[in-house]
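Student: Following this note's numbering, the numbering of the sequence shown begins with 4 at its first residue and continues without gaps.
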Amino acid sequence: MDQGLTDFLRDYVDALERGSAALFVGAGLSMATGLPGWGKLLEGMAREIGLDVGKEHDLVSLSQFYVNRYAGSRTQLESLVRRTFDRDVGIPDNHRILARLPIGHVWTTNYDEILEGAWRQAGKVFDVKARSRDLTTSDPEADALLFKMHGTASQPDEIILTKDDYERYARLRPGFLQILESDLTTRTFLFLGLSFTDPNLGHVLSALRRSFEDGPRQHYTILKRPSDPYDAQRFAHLVTDLHRYGIRTLVVDDFAGITEILRKLERRRAQRSVFVSGSFPEDGDEKERAFLTTIARGVGRIVGSKNMRLVTGLGRVVGSAAVTGLVEALDGRTAAAISRRLVVRPVREVVPPGASLEAWKRKSREDLIVQSGVMIVIGGLRRGAPAPGVLEEFEIAKAQGLVVLPIAATGYAAQAIHEAMRANPGTHLPAEIDAASFEALGPETKDEGAILAAIERCLGRLAT
4 MDQGLTDFLR DYVDALERGS AALFVGAGLS MATGLPGWGK LLEGMAREIG
54 LDVGKEHDLV SLSQFYVNRY AGSRTQLESL VRRTFDRDVG IPDNHRILAR
104 LPIGHVWTTN YDEILEGAWR QAGKVFDVKA RSRDLTTSDP EADALLFKMH
154 GTASQPDEII LTKDDYERYA RLRPGFLQIL ESDLTTRTFL FLGLSFTDPN
204 LGHVLSALRR SFEDGPRQHY TILKRPSDPY DAQRFAHLVT DLHRYGIRTL
254 VVDDFAGITE ILRKLERRRA QRSVFVSGSF PEDGDEKERA FLTTIARGVG
304 RIVGSKNMRL VTGLGRVVGS AAVTGLVEAL DGRTAAAISR RLVVRPVREV
354 VPPGASLEAW KRKSREDLIV QSGVMIVIGG LRRGAPAPGV LEEFEIAKAQ
404 GLVVLPIAAT GYAAQAIHEA MRANPGTHLP AEIDAASFEA LGPETKDEGA
454 ILAAIERCLG RLAT
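1) Report yes or no: do three or more beta-carbon pairs, one from the region 177-196 and one from the region 18-37, lie closer than 8 Å?
2) To which residues does DSSP link Ile2 through a beta bridge?
3) Rank Ile94, Leu104, Arg85 by C-alpha distance to the C-alpha of Asp17 and give the top, closest one.
4) Helix, strand or coil: how does DSSP classify His108 here?
5) Thinking C-beta only, is Ala417 closer than 8 Å to Pro409?
6) Can you look up Gly301 in the DSSP assignment and give me helix, strand or coil?
7) What residues in its chain sit with their C-beta under 8 Å from that of Leu329, if we drop five residues either side in the sequence?
8) Counting Cβ pairs closer than 8 Å, one from the region 323-339 and one from the region 357-364, do we hit at least three?
9) State the start and end residues of the unbroken beta strand (DSSP E) segment that holds Ile381.
10) Between the alpha carbons of Arg386 and Arg425, how many angstroms are there, rounded?
11) Keeping to the same chain, check which residues put their C-beta closer than 7 Å to that of Leu45; ignore five residues upstream and five downstream.
12) Using only CA atoms, which one of Lys309, Val254, Glu289 lies nearest to Arg460?
13) Rounded to whole angstroms, what's the CA-CA distance from Ala49 to Leu226? Just pull it up for me.
14) Which full runs of the beta strand (DSSP E) of 3+ residues lie inside the region 84-163, going along the chain?
15) Are there three or more Cβ pairs, one per stretch, closer than 8 Å when the region 247-258 is compared with the region 276-283?
16) Write down the C-beta distance between Lys127 and Ala102 rounded to the nearest angstrom, noting that I regard them as a contact closer than 8 Å.
17) In angstroms with no decimal places, state the Cα-to-Cα distance between Lys166 and Arg319.
18) Could you check where the alpha helix (DSSP H) with Leu38 kicks off and where it finishes?
19) What residues in its chain sit with their C-beta under 6 Å from that of Tyr223, if we drop five residues either side in the sequence?
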């Protein structure tokens, strides 16, 4: 693996774990949805005032020229922004991956609301800061802060778009620059969708320079290498120049390379996350339920004691018992520390227009499972038979490369999965899991202590 990529994965995963990761998103990340870039947005305006946007390098001045033509009125400009961005668009893979990561502070110069949609689809809530007055309020229920430095399309009267806006930015929105400078000093940033030649970024790079002088901190960006020889030569100089700002560049040959790196980032973080799958009816056999609850609670305690992350659905028997065990293991930690070790997401039942319920449920399961490196299966009973949802989660987990540990003694889907894996160990058992530990999870082992000891051995190997 390239050393730059190795360093990025190590540093950014560490920042994610510490709660000090930040993200800065530019227009390039939204273009996969068909939304226009800066030049395309101003193309019609340029024609109207007799200019060619393809020949203009100072697009901020171009928007100012357009406003000047209307004696300083921004009405036409604001109407264009509202019309352009007021439409439903799909959520690209890059946004979906980023939304699953625990990034506390997200910054953007974009007007669109794709980031909000991605976080909402991931079951998360943004506290959006699009105006100066938004900085003085807070949403205690929010999962992350979204700083929209240039405003948002739903409030076009307050967006930053003209040269006049940029010249007065430090006076109009000083709070954004102060918080950004602080974040650049205390957080590790990943810059995506930025060309670093965009005039919009002048105040961002200035803040970067100041923060770098006061306290050097390593940041990262992913950029596509140009195909034109001259542009490629200039690109090499840009990559070197970004070092002045503390930004290290990962270079890809195409935009698919950005998605590949983000997937590697997610998988690297997922290695220390355990997805607990399973189910059991609340009105089921009392003795069986007590056994499953004890096992699930013990699994949660082991996950917590190894400083791993627990990922689970909203199951009332298996899921809730695992969460209880995790909290017990983290006794004395702060609520914030516990929340960083816990991801609880129900399989979503509210289906968006045009999607089928089954396809939507599968997508929910995929989004949850991809955040994990290990899957532990406990029980899995539905209407007297192995739960189809748990069996589907096994298939998803295998497709995504998770290590699967089914506790067959808990019966049902877990036992069926264990039998399938035992029949074909070459396909299902990774090198990290020894055969003896896997066999200790078989239906013959009824002792709770022996089962949990086997789980602890397996997770111990995987956590190192």
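Note that beta-carbon positions come from the ideal geometry of N, C-alpha and C, so glycine has one too.
Tutor: A quick look at the data gives this:
1) yes
2) Within the shown structure, residues of the chain are numbered from 4 to 467, placing residue 2 beyond reach of any answer.
3) Leu104
4) Note: His108 maps to strand in three-state DSSP.
5) yes
6) helix
7) Gly303, Arg304, Val306, Gly307, Leu313, Ile341, Arg344, Leu345
8) Judged by Cβ distances under 8 Å, the region 323-339 makes no contact with the region 357-364, as fewer than three pairs qualify.
9) 377-382
10) 26 Å
11) Val56, Leu62, Leu65, Ser66
12) Lys309
13) 28 Å
14) 108-111, 129-132, 147-151
15) No contact exists between the region 247-258 and the region 276-283.
16) 6 Å
17) 56 Å
18) First-last for Leu38: undefined, no H or E at that position.
19) Only Phe11, Leu193, Arg251 meet the Cβ criterion.
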